[in-house]
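Position one of the sequence shown corresponds to residue 1 (UniProt numbering), numbered consecutively onward.
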Amino acid sequence: MTANGTETVTPGGEQLVVCTDAARTYGTGPGAVVAVHGASCAVTAGAGIAVVGPSGSGKSTLLHLMAGLDRPTAGRVAHPGLPEGSLPRHIGVVFQGPSLLPPLTAVENVALPLRIDGVAQAEADARAFAALEELGLEALASKLPDELSAGQAQRVAVARVLARRPRLILADEPTGQLDRESAGQVMGVLLAAAATLGAAVLVSTHDMRVADALPTRWSMADGRLVLPDGTAEEDRAEEDRAEERLAGKRRAGERQEREAR
Ligand SMILES: Nc1ncnc2c1ncn2[C@@H]1O[C@H](COP(=O)(O)OP(=O)(O)O)[C@@H](O)[C@H]1O
Ligand SMILES: [Mg+2]
Numbered sequence: 001m002t003a004n005g006t007e008t009v010t011p012g013g014e015q016l017v018v019c020t021d022a023a024r025t026y027g028t029g030p031g032a033v034v035a036v037h038g039a040s041c042a043v044t045a046g047a048g049i050a051v052v053g054p055s056g057s058g059k060s061t062l063l064h065l066m067a068g069l070d071r072p073t074a075g076r077v078a079h080p081g082l083p084e085g086s087l088p089r090h091i092g093v094v095f096q097g098p099s100l101l102p103p104l105t106a107v108e109n110v111a112l113p114l115r116i117d118g119v120a121q122a123e124a125d126a127r128a129f130a131a132l133e134e135l136g137l138e139a140l141a142s143k144l145p146d147e148l149s150a151g152q153a154q155r156v157a158v159a160r161v162l163a164r165r166p167r168l169i170l171a172d173e174p175t176g177q178l179d180r181e182s183a184g185q186v187m188g189v190l191l192a193a194a195a196t197l198g199a200a201v202l203v204s205t206h207d208m209r210v211a212d213a214l215p216t217r218w219s220m221a222d223g224r225l226v227l228p229d230g231t232a233e234e235d236r237a238e239e240d241r242a243e244e245r246l247a248g249k250r251r252a253g254e255r256q257e258r259e260a261r
């Protein structure tokens with residue numbers, strides 16, 4: 001991504017985040033809490049995933065590991081499809097609670113990460129306003145966070161993610177503090193932002209209505225991530241078949257070589 005907003009296009013199916021037996025333990029000794037037990041999963045370009053689980057099941061910890069905001073205490077989290085050293089640019093995070101900076105207006109909040117990325121003020125302002133407009137929020141542009149409802153503030157937080165044009169959006173219970181109507185509006189703008197960008201989106205939630213808005217569902221319980229029935233096994237079986245085909249070709253090649261001699 002350059003400051004003027006051009007960027008190379010990702011081919012579909014590219015893996016943006018890959019967790020391999022990724023675990024996170026808080027503390028040490030007898031009081032240690034395993035928030036996430038060896039989780040293995042991948043988020044590919046264009047995916048739409050809900051991570052469903054009750055409070056305390058490890059959703060936030062998993063999302064923070066995926067975002068690169070936290071490091072696994074065992075296992076690995078890799079971002080093969082994203083340029084190294086620029087995760088904050090390419091992974092947009094929406095948090096559960098208020099996250100707008102109180103002294104800045106909505107449009108200034110949206111423009112701030114762009115300024116941090118080195119975008120010039122005038123362009124940052126224009127892109128921030130365009131992001132608000134894209135989500136139908138232009139009327140909120142000059143409001144301070146104090147003047148917004150929780151749902152409006154959360155939609156502005158989504159615009160802030162959209163303005164930076166990430167490849168992956170991680171939203172951690174983005175509707176957890178909202179009533180049903182506001183929750184619906186936030187999910188609406190979140191999915192619209194992801195569609196506009198062609199970005200993958202992963203949303204943690206304990207609300208089945210939110211989960212139902214996304215095509216894929218993962219679940220978490222007691223720090224253990226469970227993928228839909230068979231996913232991991234199917235992936236493994238497919239890998240095995242691919243390896244077997246390769247090995248078969250290699251054997252055939254060796255046979256031909258032997259016969260040629
Ligand atoms: N900073 C921390 N220090 C110690 N324990 C933590 C910390 N953050 C989370 N935990 C514990 O890890 C577990 C998973 O928490 P979390 O990832 O926040 O779950 P969720 O987002 O599903 O509510 C919980 O038992 C929680 O108490
Ligand atoms: Mg949480």
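Virtual Cβ for every residue (Gly too), placed ideally from N, Cα, C. What you are looking at is a predicted structure, and each value in this text was computed from that prediction instead of being measured.
Whole-angstrom distance between residue j and residue i, CA atom to CA atom
i, j, result
"Ala45", "Glu259", "45 Å"
"Ser57", "Ala122", "43 Å"
"Thr105", "Leu144", "4 Å"
"Val33", "Glu14", "33 Å"
"Ala22", "Ala211", "23 Å"
"Pro228", "Pro72", "23 Å"
"Arg155", "Leu225", "28 Å"
"Thr25", "Val36", "7 Å"
"Ala131", "Asp125", "10 Å"
"Ala141", "Met220", "37 Å"
"Ala192", "Gly136", "11 Å"
"Asp146", "Asp117", "26 Å"
"Val94", "Arg76", "23 Å"
"Leu190", "Ala157", "10 Å"
"Ser99", "Glu134", "20 Å"
"Cys41", "Ala200", "14 Å"
"Leu178", "Leu202", "19 Å"
"Gly223", "Lys59", "8 Å"
"Gly53", "Ala78", "23 Å"
Buried versus exposed call for residue i [16 or more other C-beta atoms within 10 Å across all chains shown]
i, result
"Leu101", "exposed"
"Met208", "exposed"
"Leu97", "Rather than Leu, the amino acid found at residue 97 in this sequence is Gly. With fewer than 16 other Cβ atoms within 10 Å, it is exposed."
"Ala194", "buried"
"Ala111", "buried"
"Ser55", "exposed"
"Thr205", "buried"
"Pro30", "exposed"
"Ala120", "exposed"
"Arg160", "buried"
"Arg103", "One detail in the question is off: residue 103 reads as Pro in this sequence, not Arg. Pro103 comes out exposed."
"Gly85", "exposed"
"Arg180", "exposed"
"Pro80", "exposed"
"Gly198", "exposed"
"Ala139", "exposed"
"Gly27", "exposed"
"Asn109", "buried"
Contact belief for residue i with residue j at Cβ below 8 Å, rounded distance in angstroms
i, j, result
"Leu82", "Arg167", "6 Å"
"Ile91", "Leu214", "Contact doesn't hold; Cβ gap of about 17 Å is too wide."
"Leu16", "Val43", "5 Å"
"Ala67", "Gly38", "Contact doesn't hold; Cβ gap of about 19 Å is too wide."
"Met47", "Thr216", "In the sequence under discussion, the amino acid at residue 47 is Ala, which differs from the Met named in the question. About 6 Å; that satisfies the 8 Å criterion."
CB contact check: residue i to chain B, cutoff 8 Å
i, result
"Gly75", "The chain labelled as chain B is not found in the depicted structure, where only one protein chain is given."
Validate contact between the region 58-66 and the region 163-175 using beta carbons, cut 8 Å, 3 pairs | When Cβ pairs closer than 8 Å are counted between the two stretches, the region 58-66 is seen to touch the region 163-175, the count reaching three or more.
Uninterrupted beta strand (DSSP E) stretches inside the region 141-220 (no shorter than 3 residues) = Taking 3 residues as the minimum length, the beta strand (DSSP E) runs contained wholly in the region 141-220 are 168-172, 200-205, in order along the chain.
Between the region 185-195 and the region 142-157, do three or more beta carbon pairs fall short of 8 Å?
-> Between the region 185-195 and the region 142-157 there are three or more C-beta pairs closer than 8 Å, enough to call the two in contact.
Only counting runs of 3 or more residues, tell me where the beta strand (DSSP E) segments fall wholly within the region 65-152, in order along the chain.
-> Note on the region 65-152: whole beta strand (DSSP E) runs with a minimum of 3 residues are 74-78, 91-94, in chain order.
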